[in-house]
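First up is the structure itself, then whatever we jot down about it.
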Amino acid sequence: MTRNEPIGGNSAAAIAHPNIAFIKYWGNRDPHLRIPLNSSLSMNLGALTTTTRVTYSPDLEVNRFQLNGKDIKGAALARVSDFIDRVRSIAHLEYRAMVISDNNFPTGAGIASSAAAFAALALAASFAAGLHLDEKSLSRLARIGSGSASRSVPGGFVEWQAGETDDNSFAFSIADPEHWELIDCIAIVAEGHKPMGSTQGHALASSSPLQAARLASAPQRLDLCRKAILERDFEAFARVTELDSNLMHAVMMTSTPNLLYWQPATLAIMHQVMEWRQKQGVEVCYTIDAGPNVHVICPVYNQTFITQRLENIPGVKFVLNSPVGGPARLI
Ligand code: PMV
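Numbering (the numbering used here), first residue to last: 521 to 851.
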């Protein structure tokens with residue numbers, strides 16, 4: 521049966537946060553369903569938000585997408601439109617959708633805008649279509665838009681169980697946002713779009729001779745990182761987080777073609793952070809996603825001091841600060 525009248529109203533809005541992974545996801549078992557090759561672990565970034573409204577209407581002939589006030593066409597529209605069509609098909613809905621999204625942070629600055637985007641979109645699109653999905657189903661749905669979006673559905677510190685199928689690859693909270701007052705001081709080195717997005721990047725991972733070693737040791741790092749978070753053990757957390765980031769970048773640098781996301785300022789920040797922790801005993805560590813910006817993680821009491829020091833490093837344009845954030849939610 522095809523339903524023409526969406527149940528529960530034809531419009532809904534949701535808010536979601538990006539997340540920063542401490543144990544990274546890089547490489548897919550199934551690229552279409554975005555089933556990853558290893559489980560990963562992250563925290564949501566509460567100060568950064570994507571707000572998305574989805575409205576299904578009989579007046580629309582195609583799905584439309586507006587981001588930060590601009591009509592989006594091309595590949596980005598196709599990705600959103602495919603996602604909407606998946607939700608429409610689950611809900612047996614004929615109406616097309618208008619998607620209006622706003623980010624309060626720079627899009628394409630290497631702060632995982634797709635994670636917040638697809639978490640907010642999954643929630644708004646499914647609810648407006650009359651589907652009331654539980655957290656697990658929502659995480660699975662968001663994952664199909666962007667793998668890391670599965671981790672922006674639950675709140676706080678979040679683990680994404682890799683699984684092997686669509687059913688058992690989803691994310692869940694391991695601790696609430698209040699569990700540990702960590703701050704992500706994101707040192708922005710370059711804005712603008714990355715040379716290669718993560719969807720294509722994942723496909724290159726298996727061409728690196730280092731990927732097998734990274735994957736073999738990932739479960740052990742996940743256990744260490746989860747334990748460090750649950751015990752609020754900063755030193756153990758810092759060691760495993762930097763190691764995991766370095767391993768992912770080693771895979772990136774040694775794939776064919778190779779990916780080198782770091783800029784000179786990226787490396788300068790890494791050296792400084794290592795010195796602050798190892799020589800000066802400051803609780804601070806770094807992790808880097810598929811871009812040149814550095815996520816510098818520290819307890820809240822070091823936030824001002826670390827931010828000021830980062831701002832003084834040549835090549836750092838500005839620093840965005842975020843505490844741990846909550847789940848994706850309707851507004
Ligand atoms: O969700 P994607 O396809 O944008 O991949 C995210 C990849 C990294 O940000 C580099 C790592 C991660 O686990 O978030």
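The beta carbon of each residue, even a glycine, is placed where N, CA and C say it ideally should be.
Selected residue, minimal CA-CA separation from residue i, among the options
{"i": "Gly-846", "options": "Met-772, Ser-562, Asn-623", "result": "Ser-562"}
{"i": "Lys-544", "options": "Tyr-576, Asn-530, Leu-744, Thr-761", "result": "Thr-761"}
{"i": "Ala-848", "options": "Ile-708, Pro-674, Ala-736", "result": "Pro-674"}
{"i": "Glu-701", "options": "Ser-718, Ala-732, Thr-807, Leu-750", "result": "Leu-750"}
{"i": "Asn-690", "options": "Ala-669, Phe-603, Cys-705", "result": "First, the amino acid is wrong: residue 690 is Phe here, not Asn. Checking every option, the nearest Cα to that of Phe-690 belongs to Ala-669."}
{"i": "Asn-564", "options": "Pro-578, Ala-639, Ala-533", "result": "Ala-639"}
{"i": "Phe-813", "options": "Lys-590, Ala-707, Pro-626, Arg-608", "result": "Note that residue 813 is Asn in the sequence shown here, rather than Phe. The option with the nearest alpha carbon to Asn-813 is Ala-707."}
{"i": "Pro-777", "options": "Thr-569, Ala-648, His-722, Arg-660", "result": "His-722"}
{"i": "Asp-764", "options": "Ala-533, Phe-585, Ser-737", "result": "Ser-737"}
{"i": "Asp-654", "options": "Phe-692, Thr-719, Thr-807", "result": "Phe-692"}
{"i": "His-815", "options": "Cys-705, Ile-694, Leu-780", "result": "Cys-705"}
Segment limits, alpha helix (DSSP H) that includes residue i
{"i": "Val-814", "result": "Here Val-814 belongs to no alpha helix (DSSP H); instead the beta strand (DSSP E) covers 814-819."}
{"i": "Phe-647", "result": "633-648"}
{"i": "Ser-659", "result": "655-665"}
Where the beta strand (DSSP E) through residue i begins and ends
{"i": "Thr-685", "result": "Counting along the chain, Thr-685 falls outside any beta strand (DSSP E), and DSSP gives it neither H nor E."}
{"i": "Ala-617", "result": "616-623"}
{"i": "Val-836", "result": "Counting along the chain, Val-836 falls outside any beta strand (DSSP E), and DSSP gives it neither H nor E."}
{"i": "Leu-587", "result": "584-587"}
{"i": "Asp-704", "result": "702-708"}
{"i": "Arg-554", "result": "From DSSP, Arg-554 is part of no beta strand (DSSP E); its letter is neither H nor E."}
{"i": "Ala-541", "result": "539-543"}
{"i": "Arg-549", "result": "548-550"}
Rounded straight-line distance, which links the Cα of residue j to that of residue i
{"i": "Thr-827", "j": "Pro-843", "result": "13 Å"}
{"i": "Cys-745", "j": "Arg-797", "result": "18 Å"}
{"i": "Met-794", "j": "Leu-557", "result": "29 Å"}
{"i": "Ala-636", "j": "Phe-677", "result": "15 Å"}
{"i": "Arg-829", "j": "Gln-823", "result": "10 Å"}
{"i": "Phe-542", "j": "Glu-803", "result": "16 Å"}
{"i": "Val-617", "j": "Ser-646", "result": "According to the sequence as given, residue 617 is Ala; it is not Val. Distance between the alpha carbons of Ala-617 and Ser-646: 11 Å."}
{"i": "Gly-835", "j": "Pro-784", "result": "8 Å"}
{"i": "Ala-611", "j": "Pro-538", "result": "27 Å"}
{"i": "Leu-850", "j": "Leu-643", "result": "7 Å"}
{"i": "Ala-598", "j": "Leu-730", "result": "33 Å"}
{"i": "Arg-608", "j": "Asp-622", "result": "22 Å"}
{"i": "Ser-531", "j": "Ser-634", "result": "21 Å"}
{"i": "Glu-755", "j": "Ile-540", "result": "18 Å"}
{"i": "Leu-781", "j": "Gln-720", "result": "Per the sequence shown, residue 781 should be read as Tyr rather than Leu. Rounded to the nearest angstrom, the two C-alpha atoms are 14 Å apart."}
{"i": "Asp-602", "j": "Tyr-821", "result": "44 Å"}
For residue i, three-class secondary structure by DSSP
{"i": "Asn-822", "result": "helix"}
{"i": "Phe-677", "result": "strand"}
{"i": "Gly-528", "result": "Unreliable placement is indicated for Gly-528, whose pLDDT of 45 sits below 50; the coordinate value is still reported in the next sentence. Residue state, collapsed to three classes: coil."}
{"i": "Gly-566", "result": "coil"}
{"i": "Ser-728", "result": "coil"}
{"i": "Asp-602", "result": "helix"}
{"i": "Leu-651", "result": "coil"}
{"i": "Pro-843", "result": "strand"}
{"i": "Ala-596", "result": "helix"}
{"i": "Ile-808", "result": "coil"}
{"i": "Ile-851", "result": "coil"}
{"i": "Ser-668", "result": "helix"}
{"i": "Ser-718", "result": "helix"}
{"i": "Ser-869", "result": "The structure shown does not extend to residue 869, since the chain is modelled only from 521 through 851, so no value can be given for it."}
{"i": "Ala-733", "result": "helix"}
Closer than 7 Å: residue i CB and nearest the ligand NAP heavy atom
{"i": "Trp-546", "result": "Absence of the ligand NAP from the depicted structure is noted, with the ligand PMV being the only ligands included."}
### Message
Suppose only complete runs of 4+ residues qualify. What are the alpha helix (DSSP H) ranges in the stretch 735-801, listed by chain order?
### Response
754-773, 784-798
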